[in-house]
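S.K.: Protein chains in written order, with my numbering: chain A, 1 to 194; chain B, 1001 to 1271. One structure follows; several queries about it will come next.
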Amino acid sequence: MKKLFYLALISLLLPLSAAAMEANEIGSVMRQKVDVVLTILNDHNLSKTERNTAIETEMDPYFDFLLMAKLSLGKSGWQAATPAQRKEYVVLFERRIKDFYMSKLDLYKDEVITLEAPQEVKNRIYLNSYIIEKGEKKEVLYKFYHAKEGWLIYDVDVLGVSIIQSYRSQFAGELENGSIEQLLIKLRQPQPDA
Amino acid sequence: MKRLFLTMILGFSLLYSQEGGSAVPAPLEQIGPLAHLSGPEDEVFDDGFDIGGFEEEFTDVAAEPVYDPLEGYNRWMTGFNNVLFDYLLDPVISTYNFILPEPIRVSVNNIFNNLYYPVSLVNNLLQLKFDHALSETGRFIINSTFGFAGMFDTAMQIGVEPHVEDFGQTLGHYGVGNGMPIVLPFFGPSNLRDITGDLLDFYVNPVYYVEPRKYNIPRNTYEGWGLVGAKRFNKFSLYKQEYLQIRREALDFYPFMRDAYEQNRNKLISE
């Protein structure tokens, strides 16, 4: 009887533990994931939608979209919003940030991606990656924090530009001029097809 | 048996709460699975902001607004540049890109970068980065010879990485603040410090002091600025798609550009 109870519990926890990463695994797991994503990108039989869904499935478990959403809105913005607004905002934000990422992938042309060894910075882990593109070396930095489920990404820096900070400045501007409702109206608008 | 029943109920209720209850309208459910929400939903969306340490990592824009006295002009100029791009630059770049395939434009960019060596050297020395000054010299020699006058970045291929420094970075290195953001026509976002730096860069470049001769390029200041423009134009032609994407996707393009520019410059200065 007891065994059955544990089995039920474990089966519930499984989807979470699949994503959990220990600090020492970050380098190898991310290398593996990047390679999988590159394989998907190089598979020209896939349609764009199939490609994006496949990449989303691979990468989703390593991003904490809820935290990213909160940080982008900022403390006062988040606290001013009602639970229903928060929920809608998180959903729209997640969609938006994924679309942003996916549209960047459209520009990918068999560049080589190298990953450096993860570095511990205070209680975070930074993973640097480099892409040599158009004769220049571009730096992309993945920032991880220790969540309940293991290490998760909460921000990505591209050429030193933090995605979260960029959203934050834009959202702050919206909140200053209007309410969260106005921000939601803007976020609800479908993204133009890149 | 009772316990099994309880477990199942617990299991179902947990599953249900993870998938997002009935409060969400159907279309939202489809676009965002909210896969990461562990724990009861009410807790996730009702909490205050209990994420210690994160707030310190990001600038609180609401608490410290950006010093941007020229915001009105800057926004106008950003709009002007966008129109300029759509009606002038875009058609010209399209033709340019059609005539010169990307690998050639990359080579042109490499040549310009190689010619920037004297300025980069001076600025590395001014910042007392002697090892970088040395590797920049090595790069210049390798690329000017084996890289066919800078067409190919042979040095990077053998692992000698660039450490490009400009006067804006040197000023930043010695603690000069960004100053107010200024959007330039054609060239886009900049700030007071970097515009000063660009001018110093220009007049430090030995190319500018070459005795005027018929076959010199540039023969005068205007042609010198023309070269600076050509360099930026060629580089921009490589990143046209990226620019268009960001412009389309940004919620508000001007603050996005301003912020991205400052963040990128701060990173370059800190290196």
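Where is the CB? At the ideal position from N, CA and C, for every residue including glycine. A quick note: this is a predicted structure, and the numbers were derived from the prediction, not measured.
In chain order, what residues of the region 134 to 145 of chain A put their CB closer than 9 Å to some CB of chain B?
M.R.: Cβ contacts with chain B: K134, G135, E136, K137, E139, K143, Y145.
S.K.: Examine chain B for any beta-carbon lying closer than 9 Å to the beta-carbon of A:N123, and answer yes or no.
M.R.: yes
S.K.: For a contact defined as C-beta to C-beta under 7 Å, what are the partners of A:I278 on chain B?
M.R.: This structure does not reach residue 278 of chain A, given that chain A is present from 1 up to 194, and the question cannot be answered.
S.K.: My output table needs one value for A:E176: the three-state DSSP class, helix, strand or coil.
M.R.: helix
S.K.: Roughly how many angstroms separate the alpha carbons of B:D1090 and B:K1129, rounded to a whole number?
M.R.: 39 Å
S.K.: Please confirm if B:N1205 has its CB atom under 9 Å from at least one CB of chain A.
M.R.: no
S.K.: Under 9 Å, Cβ to Cβ, is there at least one residue of chain A near B:N1082?
M.R.: no
S.K.: At the level of alpha carbons, what is the spacing between B:L1199 and A:E133?
M.R.: 29 Å
S.K.: Label B:A1260 either buried or exposed according to how many other C-beta atoms from any shown protein chain fall within 10 Å of its C-beta, with 16 as the threshold for buried.
M.R.: buried
S.K.: May I ask you to verify whether the region 67 to 75 of chain A touches the region 161 to 171 of chain A, counting CB pairs closer than 8 Å and requiring at least 3?
M.R.: Of all C-beta pairs linking the region 67 to 75 of chain A to the region 161 to 171 of chain A, three or more are shorter than 8 Å, placing the two stretches in contact.
S.K.: Please classify B:Y1096: does DSSP put it in a helix, a strand, or coil?
M.R.: helix
S.K.: Going along the chain, which residues of the region 1068 to 1079 of chain B sit with their C-beta nearer than 7 Å to a C-beta in chain A?
M.R.: none
S.K.: Within the 9 Å Cβ cut-off, does B:F1256 reach chain A?
M.R.: yes
S.K.: Mind checking which residues open and close the beta strand (DSSP E) that includes B:G1188?
M.R.: 1188 to 1191
S.K.: Considering A:L141, what are the terminal residues of the beta strand (DSSP E) in which it resides?
M.R.: Run containing A:L141: 136 to 147, per the beta strand (DSSP E) assignment.
S.K.: What residues in the region 162 to 186 of chain A bring their beta carbon closer than 9 Å to a beta carbon of chain B?
M.R.: S162, I164, Q165, S166, Y167, R168, S169, Q170, F171, A172, G173, E174, L175, E176, L183, K186
S.K.: When you compare each of B:G1053, B:F1054, B:H1132, B:S1190 to B:M1257 by their alpha carbons, which one comes out closest?
M.R.: B:S1190
S.K.: Check B:P1181 in the structure and name its three-state DSSP category.
M.R.: strand
S.K.: Can you list the alpha helix (DSSP H) stretches of 4 or more residues lying completely in the region 105 to 133 of chain A, in chain order?
M.R.: Here no run is fully enclosed.
S.K.: Between A:L67 and chain B, is the shortest Cβ-Cβ distance under 9 Å, so that the two count as touching?
M.R.: Taking Cβ atoms only, chain B reaches closer than 9 Å to A:L67, which makes this a yes.
S.K.: From which residue to which residue does the beta strand (DSSP E) around A:G150 run?
M.R.: 150 to 158
S.K.: Roughly how far, in whole angstroms, is the beta-carbon of A:L187 from the beta-carbon of A:R96, given that I think they are within contact range, below 8 Å?
M.R.: 6 Å
S.K.: Does the distance from the CB of B:R1105 to the CB of B:S1237 come in under 9 Å?
M.R.: In this structure, B:S1237 lies closer than 9 Å to B:R1105 by Cβ.
S.K.: What separation, rounded to the nearest whole angstrom, lies between the Cα atoms of A:F144 and A:G27?
M.R.: 11 Å
S.K.: Between the Cα of B:E1136 and those of B:Y1117, B:V1228, B:F1253, spot the shortest distance and give me the residue it belongs to.
M.R.: If we check each option's Cα against that of B:E1136, B:Y1117 comes out closest.
S.K.: For B:G1197, is the classification buried or exposed, using 16 other Cβ atoms within 10 angstroms of its Cβ as the cut-off for buried?
M.R.: buried
S.K.: Identify which residue in A:A81, A:L92, A:N42 has its Cα closest to the Cα of A:Y108.
M.R.: A:N42 is the residue among A:A81, A:L92, A:N42 whose C-alpha sits nearest the C-alpha of A:Y108.
S.K.: Could you tell me whether the Cβ atoms of A:V34 and A:I113 are closer together than 9 Å?
M.R.: Yes. Within cutoff.
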